[in-house]
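Here our numbering runs 33 ahead of the position in the sequence shown, where the first position is 1. Notes for the one structure printed next.
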Amino acid sequence: ILAPADGVVILAADHPFTLEGNLLMIDHGAGLNTAFLHLSRIDVRVGQHVSRGQPVALSGMTGRATGPHLHWSLKWRDAKIDPLLVAGPMPRSE
């Protein structure tokens with residue numbers, strides 16, 4: 034998983050975090066936050082600055098999940114936004 038934009042890691046829970054499993058949250062500034070859930074591994078730490086495109090984690094199936102996948106959420110202040118609306122087309126990885 035690559036950081037979608039520059040930001041600061043505000044949560045890196047690398048132990049099962051309730052239903053979400055391993056959880057990573059990045060603050061991108063101006064009220065914009067991203068969260069990545071069900072991760073198999075987190076490669077960054079709280080307080081660490083990340084750059085757009087930097088590897089930050091591996092997807093997985095921790096927490097309440099029936100198979101490996103990425104649960105990616107995007108919030109601007111209190112509003113949930115579909116990440117695909119701002120990300121554009123995404124390449125498939127093998």
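Every residue gets a Cβ at the ideal spot worked out from N, C-alpha and C, and that includes glycine.
- prompt: Applying the criterion that 16 or more other CB atoms from any shown protein chain within 10 Å of the CB defines a buried residue, is G80 buried or exposed?
  reply: exposed
query: Which whole-angstrom value describes the C-beta separation of S73 and L52, a residue pair presumed to lie in contact below a C-beta threshold of 8 angstroms?
result: Wrong, their Cβ atoms sit about 16 angstroms apart, outside the cutoff.
- prompt: Which one of K108, D47, M58 and D115 has the shortest CA to CA distance from L35?
  reply: Nearest option by C-alpha distance: M58.
field: Buried/exposed call for H48, threshold 16 Cβ in 10 Å
entry: exposed
query: Is I75 buried or exposed, if buried means 16 or more other CB atoms sit within 10 Å of its CB?
result: buried
task: From the DSSP output, read off the bridge partner residues of M58.
output: L44 and A68
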